[in-house]
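Undergrad:
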Amino acid sequence: MADYSSSPFAGKTFGVTIDKLNKSFDGVPVLRDVSLEVRPGEIFVIMGPSGSGKSVLLKHVAGLELPTSGRVRIGDYDAADPQTRDRVHLALVFQAGALFNSMTVYDNLALYPREHRLCNEAGIRERVLRTLQILSLEKAVDKFPGELSGGMKKRVAIARALVMEPELLLYDEPTSELDPVMSATITEIIATLREQTAVTTLVVSHDRDLALAIADRMAVIMDGRIHAIGKPGEFKNPADPAIANFLNPTIDLKHPRFQQLENDHE
Ligand SMILES: Nc1ncnc2c1ncn2[C@@H]1O[C@H](COP(=O)(O)OP(=O)(O)OP(=O)(O)O)[C@@H](O)[C@H]1O
Ligand SMILES: [Mg+2]
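Going letter by letter, the sequence shown gives residues 3 to 268 in the numbering used here.
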């Protein structure tokens, strides 16, 4: 990956403070009293099973969902205040990539800088090409998302976030649906970008390998509630059986459901 540290991307960053956040949809609680602090410049990974509230939590940081009660702050700004998006360059890499299929990779990357009038077209071009180079995507510049592999789409989604020169970088399941080699590549990219830019990085993911490899600190969320926060080393042999089973699931082949499968095959 190209060196990023001397580029204009490296700059200011913000911490995130989540304070007693509750969120319900139609009276059904999805986040319950979530409190945690992401320190400036750290990689913080939130792990949890499907449906535990990870994406909803990340959307609160991005200001895309509003709390039922409690607060999320980015530096000193309230994440729920629409003006915060003018003050903090935050970028969210969406779970499904959310690329525009009718636009080339180049136009996907140029869209937000154009919309926000970050610079003139020549400046945008330079920025887009430099970002594609950082993510080894030069050859994809004129392709449409439908022509790319899943791993390339993930990298384009990251590139589109980076092109805005984020001061806070949020990733939703950056390694889902990727093979182990591509997952490791994306994990390395996340760590390298933080190393070179010192940007505060909040990742939500099921990926235990990613969390243990690159998190400075991590948390496990289950059923909308934070169960544990600590350094990755503290999660290697968790005492809480629910966390142990989530991080190190065992498959019991003697379980009645497998006996049933065996019977079905006879
Ligand atoms: N806009 C919404 N309206 C109603 N319910 C919602 C909404 N968004 C999320 N939920 C519900 O909130 C719960 C948590 O959803 P969320 O998407 O945060 O899960 P997740 O932890 O990201 O899961 P996954 O790992 O599968 O991505 C789910 O039960 C989901 O159905
Ligand atoms: Mg999700």
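All C-beta atoms, glycine included, are put in the ideal place defined by N, C-alpha and C.
Going by beta carbon distance, what residues of the same chain come within less than 6 Å of residue 205, once the five residues before and after it are set aside?
TA: So the list reads 47, 173, once near-sequence residues are dropped.
Undergrad: Which complete beta strand (DSSP E) runs does the region 177–229 hold, if anything under 3 residues is left out?
TA: As far as the region 177–229 is concerned, its whole beta strand (DSSP E) runs of at least 3 residues are 202–207, 219–224.
Undergrad: Which full runs of the alpha helix (DSSP H) of 4+ residues lie inside the region 97–179, going along the chain?
TA: Counting only runs of 4 or more, we get 107–117, 123–136, 152–164.
Undergrad: Might you give, ordered along the chain, the residues of its own chain that have their beta carbon closer than 7 Å to the beta carbon of residue 246, omitting 5 neighbours on each side?
TA: The residues are 240.
Undergrad: Residue 229 to residue 103, Cα distance in whole Å?
TA: One C-alpha to the other measures close to 39 Å.
Undergrad: Give the list of continuous alpha helix (DSSP H) stretches no shorter than 4 residues that lie fully inside the region 11–99.
TA: The region 11–99 contains these whole alpha helix (DSSP H) runs: 56–63, 86–89.
Undergrad: Could you tell me the boundaries of the alpha helix (DSSP H) in which residue 249 lies?
TA: 243–249 is the extent of the alpha helix (DSSP H) around residue 249.
Undergrad: Within 10 angstroms of the Cβ of residue 253, are there 16 or more other Cβ atoms? Answer buried if so, exposed if not.
TA: Under this definition residue 253 is an exposed residue.
Undergrad: Just to confirm, does residue 56 get its C-beta within under 6 Å of one of the non-hydrogen atoms of ligand 1?
TA: Yes, since a heavy atom of ligand 1 falls inside the 6 Å radius drawn around the Cβ of residue 56.
Undergrad: Just mark residue 115 as buried or exposed, buried being the case when its beta carbon has 16 or more other beta carbons within 10 Å.
TA: With 16 or more other Cβ atoms within 10 Å, it is buried.
Undergrad: Are there three or more Cβ pairs, one per stretch, closer than 8 Å when the region 22–33 is compared with the region 61–70?
TA: Contact between the region 22–33 and the region 61–70 is present, because at least three Cβ pairs lie under 8 Å.
Undergrad: Among all the DSSP beta bridges, which residues are the ones paired with residue 253?
TA: Note: residue 253 sits in no beta bridge, so no partner.
Undergrad: If contact is defined by three or more beta carbon pairs under 8 Å, each pair taking one atom from either stretch, is the region 131–139 in contact with the region 158–169?
TA: Short answer: they touch.
Undergrad: Taking the C-alpha atoms as reference points, what is the distance between residue 153 and residue 177?
TA: Computed Cα separation, rounded: 8 Å.
Undergrad: What is the rounded straight-line gap between the Cα of residue 58 and the Cα of residue 107?
TA: Their backbone Cα atoms lie some 27 Å apart in a straight line.
Undergrad: Under 6 Å from any heavy atom of ligand 1, does the C-beta of residue 63 make it?
TA: Every heavy atom of ligand 1 is 6 Å or more from the Cβ of residue 63, so no.
Undergrad: Among all the DSSP beta bridges, which residues are the ones paired with residue 232?
TA: DSSP output for residue 232 lists 220 as bridge partner(s).
Undergrad: In the structure shown, what three-state DSSP assignment does residue 258 receive?
TA: Three-state DSSP puts residue 258 in a helix.
Undergrad: Alpha carbon to alpha carbon, what distance is there between residue 75 and residue 105?
TA: Cα to Cα, the separation comes out at about 34 Å.
Undergrad: Assign residue 41 to one of two classes, buried (16 or more other C-beta atoms within 10 Å of its C-beta) or exposed (fewer than that).
TA: Result: exposed.
Undergrad: Considering only their Cβ atoms, is the gap separating residue 218 from residue 67 smaller than 7 Å?
TA: Going by C-beta atoms, residue 67 is not nearer than 7 Å to residue 218.
Undergrad: Is there at least one non-hydrogen atom of ligand 1 closer than 6 Å to the beta-carbon of residue 53?
TA: Residue 53 Cβ: within cutoff of ligand 1.
Undergrad: Would you check whether ligand 4 has a heavy atom nearer than 6 Å to the C-beta of residue 97?
TA: Ligands present in the displayed structure are limited to ligand 1 and ligand 2, and ligand 4 is not among them.
Undergrad: Assuming the contact rule is C-beta atoms closer than 8 Å, residue 17 and residue 39 should be a hit. Round their C-beta distance to whole Å, please.
TA: Rounded, the Cβ-Cβ distance is 7 Å, consistent with contact.
Undergrad: Can a CB atom of chain C be found closer than 7 Å to the CB of residue 216?
TA: Judged by its chain identifiers, the structure shown contains no chain C, having just a single protein chain.
Undergrad: Determine the direct distance from the alpha carbon of residue 69 to that of residue 84, and round the result to whole angstroms.
TA: Cα to Cα, the separation comes out at about 14 Å.
Undergrad: Are residue 216 and residue 187 close, meaning C-beta to C-beta below 7 Å?
TA: Against a cut-off of 7 Å, the Cβ pair of residue 187 and residue 216 comes out as no contact.
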